[in-house]
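To convert, note that position 233 of the sequence shown is 264 in our numbering; the numbers rise steadily by one, no gaps. Virtual Cβ for every residue (Gly too), placed ideally from N, Cα, C.
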Amino acid sequence: MNKPLFLLAFLIFTSTAYSQKLKTYYINYKSEKTSKVNAKFKRTVQKQHNIWVVQDYYLNDSLKRTGNFTNKKLTHKTGIFTGYYLNGKMSQTFVCENNLKHGDEKFYYITGNVSRLAHYNKGEATGKWIWYNEDGSIENELDNINSNILNDNYAKAEYPGGKKKLNEYIRKVDYQLRNGNMVYNGKTITAFQINEEGNVSDVDIIVKGTKQMDSAIIKHLYNMPKWRAYKKNGKYVTSNYVLPITFGKQNKTKLSSKIIGDAFYNSSVKDYKAEKYDKAVFKLKKAINYNHMEAKYYFLLGHSYYQLKKQDFACENWTIANSLDSGILKKEITDICNLK
32 MNKPLFLLAF
42 LIFTSTAYSQ
52 KLKTYYINYK
62 SEKTSKVNAK
72 FKRTVQKQHN
82 IWVVQDYYLN
92 DSLKRTGNFT
102 NKKLTHKTGI
112 FTGYYLNGKM
122 SQTFVCENNL
132 KHGDEKFYYI
142 TGNVSRLAHY
152 NKGEATGKWI
162 WYNEDGSIEN
172 ELDNINSNIL
182 NDNYAKAEYP
192 GGKKKLNEYI
202 RKVDYQLRNG
212 NMVYNGKTIT
222 AFQINEEGNV
232 SDVDIIVKGT
242 KQMDSAIIKH
252 LYNMPKWRAY
262 KKNGKYVTSN
272 YVLPITFGKQ
282 NKTKLSSKII
292 GDAFYNSSVK
302 DYKAEKYDKA
312 VFKLKKAINY
322 NHMEAKYYFL
332 LGHSYYQLKK
342 QDFACENWTI
352 ANSLDSGILK
362 KEITDICNLK
């Protein structure tokens, strides 16, 4: 082989060794490969210098998240990871070394304001952490943080004995119904609040079963033992909780993301009409978690924020609604948010 041909072959070999062809496929919420019909995101993967570079996109082709992995199965994280809201603004960024968070981590509100600054050392929470309110003011600031300090200041609501005991308690609803002559089958989803004393309140059946199933759930939840309430900034506060409950031993019913999303949306409409705007916001965010490409969810979420005097949050959600359905906004809203 003459020298020019050898050099050309070498360049082609080294180029393919360092950068391979871009692969594109669809994934579900669990990042598992799926068909386009069942997809929640689109993913691209390209191997560069023994690193798998991954970019995930919403189904309208706006960027959802980026990250790097050291293995083909995409289970070992390395480098910078960044997430984005549908409006294009950053939602989160952090750094990994050897599949562990290492360095600064930032979370953002949909408006672009920082919601939390954190720091990790080889996967362990450390250093100074700062929490911010939606208006940009500091909510809490902790130095020399560790897991104990975190739990003393911020902790999710928890049923006594944890998730295992909660599941045991919930299964009793099914057992009690099956003691009668009828066998009930189905899946329900229930939302409720846990107040600062740890008591259950405001039970809402989001995905309904039969009347007997729904009444049994409501009675059972209100008779629950006290929870450990949600802790925020060192104080116990009221929080929202969502609980799926299945009836029937062999029940394999699957609820689609659209069905669940619409169920949360329909429940939020009732809250909005009742001027329970905080509850509407919670349920609409849940609806978006299940079906994030539905314009009407963001539209009502914008209205809920607007009623709560949070115009910047309202406008960001209206902007997303408009990007998904250009005919959904009236002129008065586009004028408020300076949308074209």
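Original post:
Which residue from Phe344, His323 and Asn369 puts its Cα closest to that of Gly143?
Top reply: For the purposes of this step, residue 143 is taken as residue 112 along the sequence shown, with counting starting at 1. Answer by Cα proximity: Phe344.
Original post:
Between Cys368, Val85, Lys159 and Asp309, which lies nearest to Lys103 when the distance is taken from Cα to Cα?
Top reply: Residue 103 sits at position 72 when you count from the first residue of the sequence shown. The shortest Cα separation from Lys103 among Cys368, Val85, Lys159 and Asp309 belongs to Val85.
**OP:** Could you please give me the residues that DSSP links to Thr219 through a beta bridge?
**Re:** By 1-based counting over the sequence shown, the position of residue 219 is 188. Answer is Ile276.
**OP:** Could you check the C-alpha separation between Leu90 and Glu228 for me, to the nearest Å?
**Re:** As a first step, residue 90 is located in the sequence shown; it is residue number 59 there, counting from the start. As a first step, residue 228 is located in the sequence shown; it is residue number 197 there, counting from the start. So the alpha carbons of these two residues sit roughly 42 Å apart.
**OP:** Can you grab the Cα-Cα spacing for the pair Ala294 / Leu331, in whole Å?
**Re:** Residue mapping note: residue 294 aligns to position 263 of the sequence shown, counting from 1. Residue mapping note: residue 331 aligns to position 300 of the sequence shown, counting from 1. When rounded, the distance between both Cα atoms is 14 Å.
Subject >> Start-to-end residues for the beta strand (DSSP E) that takes in Trp83 >> reply: Here residue 83 is taken as the residue at index 52 of the sequence shown, counted from 1. Ile82 to Tyr88 is the span of the beta strand (DSSP E), which, as asked, contains Trp83.
Original post:
In its own chain, which residues sit with a C-beta less than 6 Å from the C-beta of Lys314, not counting the 5 before and 5 after it?
Top reply: Indexing the sequence shown from 1 puts residue 314 at position 283. Cβ neighbours of Lys314 beyond the five flanking positions: Phe295, Ser298 and Ser299.
Original post:
Would you say the beta carbon of Lys194 comes nearer than 7 Å to a heavy atom of the ligand MN?
Top reply: Absence of the ligand MN is noted for the structure shown, with no ligands found whatsoever.
**OP:** Could you check how far apart the C-beta atoms of Thr113 and Thr97 are, in whole angstroms? I think they sit under 8 Å.
**Re:** One-based indexing of the sequence shown puts residue 113 at position 82. One-based indexing of the sequence shown puts residue 97 at position 66. A Cβ-Cβ distance of about 5 Å is found for the pair Thr113 and Thr97, placing them in contact under the 8 Å criterion.
Subject >> For Lys242 and Asn369, the rounded distance between their alpha carbons >> reply: Residue 369 sits at position 338 when you count from the first residue of the sequence shown. Residue 242 sits at position 211 when you count from the first residue of the sequence shown. Whole-angstrom Cα-Cα distance: 47 Å.
Original post:
Which class does Ala156 belong to by DSSP, given the choice of helix, strand or coil?
Top reply: Here residue 156 corresponds to residue number 125 of the sequence shown, with the count starting at 1. Ala156 sits in a strand when the DSSP states are folded into three classes.
Subject >> Cβ pair count under 8 Å reaching 3, the region 315-329 against the region 346-356 >> reply: yes
Subject >> DSSP state of Ser46 mapped onto helix, strand, coil >> reply: Taking the first residue of the sequence shown as 1, we reach residue 46 at position 15. Reliability of the predicted coordinates at Ser46 is poor, the pLDDT of 48 falling under 50, and no value is obtained from them.
**OP:** Return the chain-ordered list of same chain residues with a C-beta closer than 8 Å to the C-beta of Tyr321, the five sequence neighbours on each side being excluded.
**Re:** The sequence position of residue 321 within the sequence shown is 290, counting from 1. Excluding residues within five positions, the ones whose Cβ falls inside 8 Å are Ser288, Lys289, Ile291, Gly292 and Phe295.
**OP:** Can you say whether Arg74 is buried or exposed, counting buried as having 16 or more other CB atoms within 10 angstroms of its CB?
**Re:** Numbered from 1 along the sequence shown, position 43 holds the residue referred to as residue 74. Arg74 is buried by the Cβ-count criterion.
Original post:
Which whole-angstrom value describes the C-beta separation of Asn171 and Asn184, a residue pair presumed to lie in contact below a C-beta threshold of 8 Å?
Top reply: For the purposes of this step, residue 171 is taken as the residue at position 140 of the sequence shown. For the purposes of this step, residue 184 is taken as the residue at position 153 of the sequence shown. About 7 Å; that satisfies the 8 Å criterion.
Subject >> Inside the region 96-175 only - beta strand (DSSP E) runs reaching at least 3 residues >> reply: 108-115, 121-128, 131-139, 145-152, 160-163 and 169-173
Subject >> Terminal residues of the beta strand (DSSP E) in which Val238 lies >> reply: Along the sequence shown, read from residue 1 onward, the residue named residue 238 stands at position 207. Per DSSP, Val238 belongs to the beta strand (DSSP E) from Val231 to Val238.
**OP:** Give the straight-line distance between the Cα atoms of Tyr267 and Tyr261, rounded to the nearest whole angstrom.
**Re:** For this step, residue 267 is matched to residue 236 along the sequence shown. For this step, residue 261 is matched to residue 230 along the sequence shown. Those two C-alpha atoms are separated by around 6 Å.
Subject >> For Tyr337, the first and last residue of its enclosing alpha helix (DSSP H) >> reply: As a working note, residue 337 is residue 306 in the sequence shown. Element bounds for Tyr337: Ala326 to Gln338.
**OP:** State buried or exposed for Ile220, treating a residue as buried only when at least 16 other CB atoms are found within 10 Å of its CB.
**Re:** As a first step, residue 220 must be located in the sequence shown, where it is residue number 189. Burial call: buried.
Subject >> Selection from Ala318, Ile319, Thr350 and Val312 that minimises the alpha carbon distance to Lys340 >> reply: Here residue 340 is taken as the residue at index 309 of the sequence shown, counted from 1. When only C-alpha atoms are compared, the closest one is Val312.
Original post:
When we look at the beta-carbon of Lys196 and count the other beta-carbons within 10 Å, is it buried (16 or more) or exposed?
Top reply: As a first step, residue 196 is located in the sequence shown; it is residue number 165 there, counting from the start. Lys196 comes out exposed.
**OP:** Classify Ala318 as buried or exposed, calling it buried when 16 or more other Cβ atoms lie within 10 Å of its own Cβ.
**Re:** As a first step, residue 318 must be located in the sequence shown, where it is residue number 287. When all chains shown are included, Ala318 counts as buried.
**OP:** Assign Gln51 to one of three DSSP states: helix, strand, or coil.
**Re:** Here residue 51 corresponds to residue number 20 of the sequence shown, with the count starting at 1. Note: Gln51 maps to coil in three-state DSSP.
Original post:
Quick one: Cα of Gln207 to Cα of Val126, how far?
Top reply: In the sequence shown, the residue the question calls residue 207 occupies position 176. In the sequence shown, the residue the question calls residue 126 occupies position 95. Between Gln207 and Val126, the C-alpha separation is close to 49 Å.
Original post:
Among the residues of its own chain, which have a CB less than 7 Å from the CB of Leu105, if the five just before and after it don't count?
Top reply: Taking the sequence shown and counting its residues from 1, the one referred to as residue 105 is at position 74. Trp83 and Val85, listed in sequence order.
**OP:** Quick one: which unbroken beta strand (DSSP E) runs of 3-plus residues sit fully inside the region 248-319? Chain order, please.
**Re:** 261-263, 266-268 and 270-278
Original post:
Going by C-alpha distance, which of Gly240, Ser178, Lys250 and Val231 is nearest Tyr272?
Top reply: Along the sequence shown, one-based indexing puts residue 272 at 241. Of the listed residues, the one whose Cα sits closest to Tyr272 is Val231.
Original post:
With a CB to CB cut of under 6 Å and the five nearest residues on each side skipped, what residues in its chain are close to Asn81?
Top reply: Position 50 of the sequence shown, counted from the first residue, corresponds to residue 81. Nothing meets the Cβ criterion.
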